[in-house]
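Counting from 82, one number per residue, gives the positions in the sequence shown under the numbering used here.
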Amino acid sequence: MNETKTWDLRVHLVEQGSETAADVLLTTDSGTVIRARGVARRNPRDPDVPSIGDEVACARAMTRLAHKLLEAAAKDISRIEHRPVQLRS
82 MNETKTWDLR VHLVEQGSET AADVLLTTDS GTVIRARGVA RRNPRDPDVP SIGDEVACAR
142 AMTRLAHKLL EAAAKDISRI EHRPVQLRS
């Protein structure tokens with residue numbers, strides 16, 4: 082069976098002073114929502130390059146999102162197999 086699915090990923094970035102926060106929101110085709118947050122803090126001695134803060138904060142949020150998605154998959158497998166399951170990235 083071939084099936085194509087679309088999951089939506091939204092990234093919201095907020096810069097405040099030397100800190101950038103990224104909130105990511107994954108919505109699956111079935112309506113499941115997984116959220117994660119990442120933060121980047123610029124060292125006061127570093128040049129002010131906002132795009133770098135965006136990249137770091139977003140990468141951290143997406144890394145957390147990936148771990149949450151693996152945890153959700155492990156729980157689903159555990160429920161089906163009636164045994165504890167751990168998935169690694």
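Ideal Cβ positions, reconstructed from N, Cα and C, are used throughout, including at glycine.
Alpha helix (DSSP H) containing residue i: first to last residue?
i    : result
H148 : 131-162
If you follow the beta strand (DSSP E) that residue i is part of, which residue opens it and which one closes it?
i    : result
E96  : 89-97
E100 : 100-108
Indicate the three-state DSSP secondary structure (helix, strand or coil) for residue i in the structure shown.
i    : result
G112 : coil
R122 : strand
Spatial neighbours of residue i within its chain, please: CB distance less than 7 Å, with the 5 preceding and 5 following residues excluded, ordered by chain position.
i    : result
L168 : L151, A154, A155
A138 : L94, T101, A102, A103, G119, V120, A121
G134 : E96, T101, A121, R123
Going by beta carbon distance, what residues of the same chain come within less than 6 Å of residue i, once the five residues before and after it are set aside?
i    : result
K86  : D110
V114 : T108
> Is there contact between the stretch 108-128 and the stretch 137-146, where contact requires at least three CB pairs shorter than 8 Å?
Replying inline: Segment contact: the stretch 108-128 against the stretch 137-146, three or more CB-CB distances shorter than 8 Å; contact assigned.
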